[in-house]
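Q:
Residue numbers (this note's numbering): 97 to 1057.
#1: Distance check for residue 533 and residue 736, CA to CA, integer angstroms please.
#2: Expressed to the nearest angstrom, what Euclidean distance is found between the alpha-carbon atoms of residue 1016 and residue 871?
#3: Measuring only the C-alpha atoms, how far is residue 672 from residue 708?
#4: For residue 1061 and residue 644, I'd like the C-alpha separation in whole angstroms.
#5: Going by Cα to Cα distance, which pick from 515, 899, 829 and 461 is closest to residue 85?
#6: Taking the alpha-carbon of residue 168 as reference, which of 428, 317 and 248 has the nearest alpha-carbon?
#7: Could you check which residue in 855, 809 and 210 has the C-alpha nearest to that of residue 823?
#8: Would you tell me roughly how many angstroms separate the C-alpha atoms of residue 485 and residue 408, rounded to the nearest one?
#9: Return the chain-ordered list of same chain residues with a C-beta closer than 7 Å to the C-beta of residue 1049, the five sequence neighbours on each side being excluded.
#10: Check the DSSP bridge columns for residue 347 and list the partner residues they point to.
#11: What does DSSP give as the partner residues of residue 257 in its beta bridges?
#12: Mind checking residue 900: buried by the 16 CB within 10 Å criterion, or exposed?
#13: Assuming residue 909 and residue 979 make a contact with CB atoms under 8 Å, what is their CB distance in whole Å?
#14: Could you give the residue range of the beta strand (DSSP E) that holds residue 1010?
#15: When the Cβ atoms of the segment 884–893 are set against those of the segment 951–963, are three or more pairs found closer than 8 Å?
#16: For the 8 Å Cβ check, are there 3 or more pairs between the segment 764–783 and the segment 802–815?
#17: Between which two residues does the beta strand (DSSP E) harbouring residue 199 extend?
#18: Quick check on this structure: which residue in 464, 920 and 284 has the alpha carbon closest to the alpha carbon of residue 1041?
#19: Do you know how far the Cα of residue 474 is from the Cα of residue 991?
#20: Can you tell me the Cβ-Cβ gap for residue 608 and residue 598, rounded? I've got them flagged as a contact below 8 Å.
#21: Less than 9 Å between CB atoms is the rule here; does residue 492 satisfy it with respect to chain C?
#22: My output table needs one value for residue 401: the three-state DSSP class, helix, strand or coil.
#23: In this structure, does DSSP put residue 105 in helix, strand or coil?
#24: On the DSSP bridge assignment, give the partners of residue 918 in chain order.
#25: For residue 405 and residue 296, which I take to be in contact (beta-carbon distance under 8 Å), what is that distance rounded to the nearest angstrom?
#26: Strictly by DSSP, which residues pair up with residue 503?
#27: With contact counted as at least three CB pairs below 8 Å, one residue from each stretch, are the segment 245–259 and the segment 162–179 in contact?
#28: With a threshold of 8 Å, are at least 3 pairs of Cβ atoms found where one atom belongs to the segment 209–221 and the other to the segment 264–278?
#29: Would you give the residue range spanned by the alpha helix (DSSP H) that residue 887 belongs to?
#30: Considering only the beta carbon of each residue, do residue 769 and residue 787 sit closer than 9 Å?
#31: Give the DSSP-derived three-state secondary structure of residue 988 in the structure shown.
#32: In chain order, what residues of the same chain have a beta carbon less than 6 Å from the beta carbon of residue 424, not counting five sequence neighbours either side?
#33: Using DSSP with H/G/I as helix, E/B as strand and the rest coil, what is residue 1042?
#34: Going by beta-carbon coordinates alone, are residue 895 and residue 1024 separated by less than 9 Å?
#35: For the pair the segment 837–846 and the segment 814–821, tell me if three or more CB-CB distances fall below 8 Å.
#36: For residue 153, does the three-state DSSP call read helix, strand or coil?
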């Protein structure tokens, strides 16, 4: 056992206080300040965040919400000035992230006032509003990475929430941010300068300094990878299904006593270790018992703030540290204190190399350190955390408000929260670990902590522990691989109610290719069907390289598959794919060469996808590369998407049974990459209309296809709007910022002024523009009644710009007001979970009671429209009379019906209760007439509300606390 004095020295070195670096750690001098502004590279930690965003694996789980209840006389003008001053001082809070020559870069935007929207809300309404604001997406390319919201409960009672993207902040930044915000607020309220010293560094200085050391960091990463050879993700967790990982979090919590926490601290002190080291050792002990493994790797957070010049730098200065502990074999029976010594040594080894970026280590380890689903090395983490401190402002009483988005960064995290009410926590993604197994592991972990706090000098066999790995987890798999129509992939496909026929062709020298026919307007794509197969098939070799959708599967007279009439094996793009692999990885791989085995990693995946998109004009993302991994599988996917593009262009108009004649003139469509825009794009292509889609450059691949002209731009870029609308015969404006109302109004003016066509201009608006009229039926185009939400007011103002121009417009103009939009698109799924219905969805997902308004208040519920029906209605209104406002509503569902269906679909234990404390937003006693567009709004098969909700929730993991 290491003596306490020796341990203190190791800790001192691990925290960077020693001037002599540990072996394998790159030496470096102080971080210099840049002499000139300009684009800077991303730090390694930032690049991981950027890649997560580009791969679709980021989202709200990398948002940092800081909410504080403030009671007292709040000076809102001073608060707004303080936020503006904070972003002026710290460039990282107003930085934008671009991409040039296959490399991301960062550059601060000019200082500008920080918007501070104020919303009236009761304290009961606050939780849902704060969650929705925290979950709202960031646009890293446009910036900024910080936004604010102020909820006003009473004249002297507010809740302030700052939401910051993790690419711009970490836990060590929060005390600096809070301190300076308070000082800037005080100075603004008193009308004087704050007198704060200029920041010693900006985050871009740190990023440049780190990147200048990349050669040395690469050498250190190679040495670190050598220490981790043979390690991989914890076998207790099942592979996460392919596609964009949801990472839903289920949290298990159990209280710990103050005596237990004190016992853990004393135990650490006796053995020259921190309390976190003891918690980490307990996590290793629990997982050793659960898996029967003796060579385990857990992740923990490390930081770079030991350098004096970095201690007050706001920005992302954390690194993921893999801690590999070679524990005694399962047949051994060491004391817990002996295991603690092993874990302490492993942790110190990781901390001594805290500056070696995790992404570089993973690159060096290659495919061998990844799980079956591509998870890089770490699926389990451990931490000792403390309750979040509130943002304190002088003269006000501050209380921290927890904003839980229910999202996980890892498949499994073991935590202890130390504070006034200590807790043992286990957070897990139910896609990776089922709730029952997680609950048992959590019980073991909590009992083990309590036991070792009381007496750690006991063998592990006398401490709580339970073997869990031999228990069956997850969905029952389909049987072993066979051939032809008896192949398990065919059986699995036919088990899907959306599939009407399926077959598989096993070529002698080619990959296995599956074919399917589907039905219904919410039918899955071939990629979605393949993702479902990957979850269900027991034998990975049984997974076909692609699932291609056909109108009809060719069969002989005896019903057997006719291979001669099938689309051929997708080799058309194979050489191109292999060429791009060679360009980026330095070796031309065989058709079955594994991306990770060839040295690929996340950044290369993004670069490879972008080059293939540019050369082939087919949609492809970095996530596709990470999932498919081989050139042959990627070629199959590209062939599938080429076929889907062709079938989309040939699709007949809804309900007609025949392809309509192509209409002359280009249709400019804004918002094409969103949920509503995607449905509009599909409908326009089905009608044979040439489409020009306005999208951001990073989203261009999502809309590229036959008949689609991509116009790269943004609502906030006036020049791009003018270029996009030039020459357009027709305009369908379906995009909005949701919060930047000035941008929305300016964009509408530019589009209206620039449109010179005669084919019509339709603005997709919202029923929020009606405000809060008298309860009951709302006529189409009826007057608005206050109060309007800021979103509803912005929509109304945009409508007025268009309608005021109707008299002199070159063609007919109209407004289509829509309610909540439901459909199978990912963005619409996100709105179901986090938008107006988010509070109900999250309650059902977590198994909490669902609180609805009292029945005595009258009918209340959701007005909704199916995305496909909305698309039909919008295109039908293009030739409508000028200046008309119409509604696009499929139907109305009471909250009681909606909640009951959510409970059923999610397999939730929630109960529905009624009470006066239900959120005021649920008091929606209106039904909206939709007579003018009744024809195109008529539901087609699969467009009833229960069917579309099922489609939107099918892929969502469930679980309870």
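No residue lacks a Cβ here, since even glycine has one placed at the ideal position from N, Cα and C.
Treat the numbers as computed from the prediction; the structure is a model and nothing was measured.
A: Well, looking at it:
#1: 38 Å
#2: 14 Å
#3: 8 Å
#4: What is shown of the chain runs 97 to 1057, which leaves residue 1061 out entirely.
#5: Examination of residue 85 is not possible in this model, given that the chain is present from 97 through 1057 alone.
#6: 248
#7: 855
#8: 17 Å
#9: 1001 and 1002
#10: 523
#11: 163 and 245
#12: exposed
#13: 6 Å
#14: 1008–1010
#15: no
#16: yes
#17: 199–204
#18: 920
#19: 41 Å
#20: Actually they are not in contact, since the Cβ atoms of residue 608 and residue 598 sit about 13 Å apart, beyond 8 Å.
#21: In the structure shown, chain C cannot be found, because there is only a single protein chain.
#22: coil
#23: In this predicted model, residue 105 has a pLDDT of only 42, less than 50, meaning its place in the structure is not dependable; the value taken from the coordinates is given anyway. Residue 105 falls in the helix class under three-state DSSP.
#24: 962
#25: 6 Å
#26: 344
#27: yes
#28: no
#29: 886–900
#30: no
#31: strand
#32: 430
#33: helix
#34: no
#35: yes
#36: coil
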